[in-house]
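> Heads up, the sequence shown is in my numbering, so the first residue is 293 and it goes up one at a time.
Using N, Cα and C, we set each Cβ at its ideal position, and we do this for glycine too.
Quick caveat: nothing in here was measured; it's all calculated off a predicted structure.
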Amino acid sequence: MLSLIKQEFGVECGEVVHNTKDDKRDESGLKDSYTHVMEESGYSVGLGHISTYGNPLEIEEIVDLSQEVEFQEQERKKSRFYDFDMFVPISEKPVEGYLDNILYYIREDGEQFVALFPHSSVSKKILRISSEFNVDVDRSVGAVSRELMLSFPATCSFESFYKLPYVVFQAKFDTCEGTILSPPPSFVSGKLTVNVFPYKSTNIMSGILADILLLKDLYLAYECDAPVWLPNSELSPDQVKMEFPIILNSSHSRTVNRSNASSHASDVDVLRSRPLDTSEVIWNTLKGSPNKLTFKTCIQSIFEYLMENRELVYLDSDNQTQLACKIRELRDCSDLHGHDLYVLYNLRIEVLIEIGLHKLTNDCIYLLERVIPDSSALLEIGKKHGWSLESQWERLHYLCKSVSLSFQLAKVVSKAYVITELRKILSQKPPRSEWRSALFESDAKPFQIVHSFSVPVCGLVLSLSMVPPELWIMRIEAEKPTPTSIRIVYEMTQQNDSVKYACHKLRMVQSYWPNML
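#1: Which class does leucine 782 belong to by DSSP, given the choice of helix, strand or coil?
#2: Following the continuous alpha helix (DSSP H) through asparagine 576, name the residue where it begins and the one where it ends.
#3: Return the chain-ordered ranges of every alpha helix (DSSP H) run that is complete within the region 739–809 and spans a minimum of 4 residues.
#4: To the nearest angstrom, report how far apart glutamate 726 and glutamate 686 are at their CA atoms.
#5: Which residues mark the beginning and the end of the alpha helix (DSSP H) in which glutamate 621 is found?
#6: Look up cysteine 819 in the DSSP assignment and say whether it is helix, strand or coil.
#7: Within a Cβ cutoff of 7 Å, which residues of the same chain sit near valine 408, ignoring the five residues on either side of it in sequence?
#8: In whole angstroms, what separates the C-alpha of serine 571 from that of methionine 599?
#9: Identify which residue in Ser423, Val705, Arg728 and Asp517 has its Cα closest to the Cα of proline 748.
#10: What number of angstroms, rounded off, separates the C-alpha of lysine 693 from the C-alpha of valine 532?
#11: Buried or exposed for serine 435, please, with buried defined as at least 16 other CB atoms from any protein chain shown within 10 angstroms of its CB.
#12: Over the uninterrupted beta strand (DSSP E) stretch that includes lysine 370, give me the two end residues.
#13: Should proline 475 be labelled buried (16 or more other beta-carbon atoms within 10 Å of its own) or exposed?
#14: Answer yes or no: do serine 423 and serine 383 have a C-beta to C-beta separation smaller than 8 Å?
#15: Residue range of the alpha helix (DSSP H) that isoleucine 664 falls in?
#16: Suppose you measure from the CA of phenylalanine 732 to the CA of leucine 718; what does that come to, to the nearest Å?
#17: Find out if the Cβ-Cβ distance for the pair proline 738, tyrosine 491 is shorter than 8 Å.
#18: Compare the Cα-Cα distances from leucine 456 to each of Leu484, Arg399, Ser609 and Pro519 and report the closest residue.
#19: Is the separation between the beta-carbon of glycine 818 and that of tyrosine 709 shorter than 8 Å?
#20: Below 8 Å on the Cβ atoms is my guess for cysteine 448 versus serine 437; work out the distance and round it to an integer in Å.
#21: Is it a yes or a no for the region 516–535 touching the region 769–789, going by three-plus beta-carbon pairs under 8 Å?
#22: By the three-class DSSP mapping on this structure, what secondary structure does asparagine 654 have?
#23: Taking valine 573 as the reference, give the member of Pro760, Thr586, Lys588 and Phe536 with the closest Cα.
#24: When you compare only the Cα positions, how much space is there between valine 643 and cysteine 617?
#25: Among residues of its own chain, excluding the 5 on either side of threonine 776, which ones have a beta-carbon nearer than 6 Å to its beta-carbon?
#26: Indicate the three-state DSSP secondary structure (helix, strand or coil) for alanine 502 in the structure shown.
#27: Let me confirm a value: glutamine 684 is counted as buried when at least 16 other C-beta atoms fall within 10 Å, else exposed. Which label applies?
#28: Using C-beta distances below 7 Å, list every residue in its chain close to glutamate 331, excluding the 5 sequence neighbours before and after it, in chain order.
#29: In whole angstroms, what is the alpha-carbon distance linking isoleucine 421 and proline 477?
#30: Please list, in chain order, all residues of the same chain as glutamine 299 whose beta carbon is under 7 Å from its beta carbon, the five residues on each side excluded.
#31: Between Leu615, Ile619, Cys625 and Tyr658, which lies nearest to isoleucine 242 when the distance is taken from Cα to Cα?
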């Protein structure tokens, strides 16, 4: 509530004065002790006498159904601005009176807040706040204005907040002739903020996130020069010898069909149709290699199979990984004689990591082009890296950010805005070694992307009339008969899977205060 007051009126309250429910019980401690005695002895203790018959409760307590669970659920007051369940109003005015810049939770014309703020030598501003729950939201804006009984000219403005998965849209507007909670007109521009966790949000990049985590483990083993790469893996050479031909043949039967793919389809389903080159098939087969010996034995088996089935070898022209170079060399030679087989098969863990990075990079590009088919120019920015495992990690991180943002933006704004904002994001040089902190130091605080930009309501792909606002604010300013600022804040509250609204009315009035002379 204090932050709301500061945001709307530009004044600060140092604290909130209230009672807690424990304080309320303490005030009736004598009665509670009597009740405790009564419950243990079976007697009702009244005003100086003992009764051994009748209901031991007071009439008000007998008929008080508010203790029933269904009534408690119905009357529970939930708000992001104040914990109405925890706190209760103070029972009487403070002895020292109401002090400046302090918010008091009082009981006056219903439960409400009051605060005083110094304004001039002879005036103060008086703030009163009242809250209602489960209010009627079908009323017109005009009816709400008339209820405030402002007979003098006033200016009105509005603001609404819409919350979607990973996205918040906020818009201010001056015209609203319908009912409360009406969306802003289509020509109004608002602020859209997208908030994404690329390496935690499995619903965004579930198809490649598992492989990224596997690559992290392999890279840690590489940096530590560990003899065991993946201790929990059970991959065996016999398994690879049996599965590799099947996986290789199935990769050639895939066809690209981006035009018929739903824009909201899972990236797992989309990537399943992407044709793979031979090194990518090898990654899919050997990515679970537990150690160097297993990897070496499996590579030997795979190379021998490829030599016998050279027509199945396919390598993309952009694939310049060490493994791809060796496969091209084998494919173009007549036999293995003349090759140093020890050097040929004695490949290290960085070769496996490299083809994994290459495969995931291509996955990201494929997903990005699905959202923005003409994104080749954007991807050129990400190619400005020298060759090294670190530079390939950096490019993969760059593409993961791009895919995550583009997928989320494509769900809420038109393609033109997606491309424009993606160009802005990709043109920015990421902080040095951001990929390392994002991937390897993010367990306590996951790596987060926050991007905000302006977009008109007509640029959204969804209708705001179908989305209930999280907050809807009506602001009224009047100068006569005394300067008055009013805020009507409708706050969405979720109760029993149904959308309800609370209404908070804040009225700030400038008043003559002669005691300040």
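Short version:
#1: Residue numbering aside, residue 782 sits at position 490 when the sequence shown is read from its first letter. According to the sequence shown, residue 782 is tyrosine rather than leucine. Three-state result, tyrosine 782: strand.
#2: Counting from one through the sequence shown, the residue named residue 576 turns up at place 284. From DSSP, the alpha helix (DSSP H) with asparagine 576 extends over 570–578.
#3: none
#4: Here residue 726 refers to the residue found at position 434 of the sequence shown. Here residue 686 refers to the residue found at position 394 of the sequence shown. When rounded, the distance between both Cα atoms is 8 Å.
#5: For the purposes of this step, residue 621 is taken as residue 329 along the sequence shown, with counting starting at 1. Unbroken alpha helix (DSSP H) run through glutamate 621: 614–624.
#6: Look at the range of the chain in this structure, 293 to 809, and you will see that residue 819 is not part of it.
#7: Position 116 of the sequence shown holds residue 408. As written in the sequence, residue 408 is leucine, which differs from the valine given in the question. Tyr390, Asp392, Lys416 and Ile418, listed in sequence order.
#8: Within the sequence shown, the letter at position 279 stands for residue 571. Within the sequence shown, the letter at position 307 stands for residue 599. Their backbone Cα atoms lie some 14 Å apart in a straight line.
#9: One-based indexing of the sequence shown puts residue 748 at position 456. Here the closest residue by C-alpha is Val705.
#10: The residue given as residue 693 occupies position 401 in the sequence shown. The residue given as residue 532 occupies position 240 in the sequence shown. Roughly 33 Å between the two C-alpha positions.
#11: For the purposes of this step, residue 435 is taken as residue 143 along the sequence shown, with counting starting at 1. It is alanine, not serine, that sits at residue 435 in the sequence shown. Counting Cβ neighbours within 10 Å, alanine 435 comes out exposed, since fewer than 16 surround it.
#12: What you label residue 370 is simply residue 78 of the sequence shown in a count that begins at 1. Segment: none, lysine 370 is in no beta strand (DSSP E) and carries neither H nor E.
#13: Residue 475 sits at position 183 when you count from the first residue of the sequence shown. Label assigned to proline 475: buried.
#14: Locating residue 423 in the sequence shown gives position 131, counting from the first residue. Locating residue 383 in the sequence shown gives position 91, counting from the first residue. The answer is no: Cβ separation not under 8 Å.
#15: Residue 664 sits at position 372 when you count from the first residue of the sequence shown. First-last for isoleucine 664: undefined, no H or E at that position.
#16: Within the sequence shown, residue 732 is the residue found at index 440, counting from 1. Within the sequence shown, residue 718 is the residue found at index 426, counting from 1. So the alpha carbons of these two residues sit roughly 22 Å apart.
#17: As a first step, residue 738 is located in the sequence shown; it is residue number 446 there, counting from the start. As a first step, residue 491 is located in the sequence shown; it is residue number 199 there, counting from the start. The answer is yes: Cβ separation under 8 Å.
#18: Within the sequence shown, the letter at position 164 stands for residue 456. That would be Leu484, whose Cα lies nearest to the Cα of leucine 456.
#19: Here the chain has residues from 293 to 809 only, and residue 818 is not among them.
#20: In the sequence shown, counting from the first residue as 1, residue 448 sits at position 156. In the sequence shown, counting from the first residue as 1, residue 437 sits at position 145. Confirmed, Cβ separation roughly 7 Å.
#21: no
#22: Position 362 of the sequence shown, counted from the start, is the residue given in the question as residue 654. Looking at asparagine 654 - three-state DSSP - the assignment turns out to be helix.
#23: Numbered from 1 along the sequence shown, position 281 holds the residue referred to as residue 573. Among Pro760, Thr586, Lys588 and Phe536, the Cα nearest to that of valine 573 belongs to Phe536.
#24: Here residue 643 is taken as the residue at index 351 of the sequence shown, counted from 1. Here residue 617 is taken as the residue at index 325 of the sequence shown, counted from 1. About 11 Å.
#25: Counting from one through the sequence shown, the residue named residue 776 turns up at place 484. Excluding sequence neighbours, threonine 776 sits near Ala770 and Val801.
#26: Locating residue 502 in the sequence shown gives position 210, counting from the first residue. Note: alanine 502 maps to helix in three-state DSSP.
#27: Along the sequence shown, read from residue 1 onward, the residue named residue 684 stands at position 392. Buried is the call here.
#28: Stepping through the sequence shown from its first residue, residue 331 is reached at position 39. The predicted model places glutamate 331 with a pLDDT of 32, which falls under 50 and marks its position as unreliable, so this point remains unresolved.
#29: For the purposes of this step, residue 421 is taken as the residue at position 129 of the sequence shown. For the purposes of this step, residue 477 is taken as the residue at position 185 of the sequence shown. Approximately 29 Å between the Cα atoms of the pair.
#30: As a position in the sequence shown, residue 299 is number 7, starting the count at 1. Excluding positions up to five away in sequence, the list is empty.
#31: Missing from the structure shown is residue 242; the chain here goes from 293 to 809 and no further.
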